[in-house]
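FYI, UniProt numbering numbers position 44 of the sequence shown as 44, with every residue one higher than the one before it. Heads up: the structure comes next, in structure tokens.
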Amino acid sequence: MSYLDIKSKDIEPIVEELNTLLADYNIYYQNLRGYHWNVLGKNFFDLHIKFEELYTDARIKIDEIAERILTLRHHPTSEFSKYFKMSSIKETSSLIPDHEMVQNILVQHEAILKQMSKVVKKAEAAGDEGTIDMIGGYIGEIEKVSWMLDAWTKDSRD
Numbered sequence: 001m002s003y004l005d006i007k008s009k010d011i012e013p014i015v016e017e018l019n020t021l022l023a024d025y026n027i028y029y030q031n032l033r034g035y036h037w038n039v040l041g042k043n044f045f046d047l048h049i050k051f052e053e054l055y056t057d058a059r060i061k062i063d064e065i066a067e068r069i070l071t072l073r074h075h076p077t078s079e080f081s082k083y084f085k086m087s088s089i090k091e092t093s094s095l096i097p098d099h100e101m102v103q104n105i106l107v108q109h110e111a112i113l114k115q116m117s118k119v120v121k122k123a124e125a126a127g128d129e130g131t132i133d134m135i136g137g138y139i140g141e142i143e144k145v146s147w148m149l150d151a152w153t154k155d156s157r158d
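Laid out in structure tokens, this is it:
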């Protein structure tokens, strides 16, 4: 049964970029868990909840990205040793001030958005509407969260 209307040779570049996105999300997820566990200070209650929301969302996206790779009849990368080599996102210490945690998340969002753009370009070249649709939704969500986190970093007196 062939449910994909995409040439096999065109799928491999999409899968490669999706696996990189999967690596990005796994490292991002673990960074968020560390921030959630270790945030301190007067912003604790707000950020503890926000970080949990973010890592819960990331966990869902990790599964969806892996399942998309499987839908494309390939195997998702699942080893952290490979994630560290593939991802442009690095592990970060979670023993840092809350403002630095938020700034790190914004930097990681930028990297994830760049990788999503690469996925979309490969998917567009292959006519892979399923991947385009999935990643397009992710882009809008991460842009909105980034805007909100960026607003949180601003001094309201300015």
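For each residue, glycine too, the CB sits at the ideal point set by N, CA and C.
Around the beta carbon of I60, fewer than 16 other beta carbons sit within 10 angstroms, so the residue counts as exposed. Within 10 angstroms of the beta-carbon of Y3 lie fewer than 16 other beta-carbons, which makes it exposed. Two segments are said to touch when three or more pairs of C-beta atoms, one from each, lie closer than 8 Å; by this definition the segment 140-152 touches the segment 106-115. Only exposed fits V107, as fewer than 16 other CB atoms lie within 10 angstroms of its CB.
Comparing alpha carbon positions, the residue from R157, P76, T56 closest to L32 is T56. For P13, the uninterrupted alpha helix (DSSP H) run begins and ends at 8-38, by DSSP. Burial state of T153 is exposed, judged by a 10 Å Cβ sphere holding fewer than 16 other Cβ atoms. In the three-state reduction of the DSSP assignment, D150 falls in the helix class. By the neighbour-count criterion, in which 16 or more other beta carbons inside 10 Å mark a residue as buried, L22 falls on the buried side. DSSP, read as helix, strand or coil, puts R157 in coil. Straight-line spacing of the CA atoms in W147 and K118 works out to 21 Å. In the DSSP assignment, T56 falls within the unbroken alpha helix (DSSP H) covering 44-71. Excluding its 5 nearest sequence neighbours in each direction, D24 has C-beta neighbours in its own chain below 6 Å: S87, I89, I112, Q115, listed in chain order.
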